[in-house]
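162 is the number of the first residue of the sequence shown in the working numbering; add one for each residue after it.
For glycine and all other residues, C-beta sits at the position ideal for the given N, C-alpha and C.
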Amino acid sequence: MKPVLFILGATLFCVSCNQARNKGEDTSGYDIITEKSYVVRNVKPVSGDPQVDSILQRKQELTGYLERHGFVRHVAGKDSLLFRRNNRQEVFIELPPPANAQEANLIIAFDPMKNPLFINLKKDTTQVEQYIK
């Protein structure tokens, strides 16, 4: 009985540790991000509205701050994003179509050692400072 349980336990252990089980997934529909970067949507800025101008100015300040700290700009080519972390975990994010200026100017910071961070354009750089630490 003990050898049967040992073989069964060893089999379960090998199956649970199999890293090749995700290799068959199709990721062609995703924009894959693996490096330390920040993701923005490709939108044309429309000014004239004070609220939109405020959002664009805040976006420019935050992206400049991220670039000074080693983040690379990545323009999202698709609305489906796949973030690959260093520990082989993957984070899938589906971006809905933007309904307003804040959603159109979305910024997602990504460090491969951490989960992605959605940056709130209404806050200051404190949120990004905590993410970088």
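Work out the CA separation of residue j and residue i for me, nearest whole Å.
i: Phe271; j: Thr188; result: 19 Å
i: Ile269; j: Ile168; result: 46 Å
i: Gln221; j: Asn261; result: 18 Å
i: Leu256; j: Met162; result: 53 Å
i: Glu290; j: Gly190; result: 32 Å
i: Val200; j: Leu282; result: 14 Å
i: Ala237; j: Pro164; result: 54 Å
i: Gln288; j: Ile280; result: 7 Å
i: Leu242; j: Phe253; result: 6 Å
i: Lys275; j: Pro211; result: 35 Å
i: Leu223; j: Pro273; result: 19 Å
Can you tell me where the beta strand (DSSP E) with residue i in it begins and where it stops?
i: Asp187; result: Premise fails: Asp187 is in no beta strand (DSSP E) and is neither H nor E.
i: Tyr191; result: Premise fails: Tyr191 is in no beta strand (DSSP E) and is neither H nor E.
i: Val200; result: Ser198 to Arg202
By alpha-carbon positions, which one of the options ends up nearest to residue i?
i: Asn266; options: Ile216, Pro211 and Glu290; result: Ile216
i: Glu264; options: Pro206, Lys294, Ile193 and Ser198; result: Pro206
i: Ile194; options: Gly225, His230, Pro277 and Leu223; result: Pro277
i: Arg234; options: Pro211, Tyr292, Lys197 and Asp285; result: Lys197
Contact defined as beta carbons within less than 8 Å: I believe residue i pairs with residue j. What is the distance between those atoms, to the nearest angstrom?
i: Pro259; j: Arg202; result: 7 Å
Complete runs of the alpha helix (DSSP H) confined to the stretch 207-290 [at least 4 residues]
Within the stretch 207-290, the runs of alpha helix (DSSP H) that reach at least 4 residues and sit entirely inside it are, in chain order, 211-229 and 262-265.
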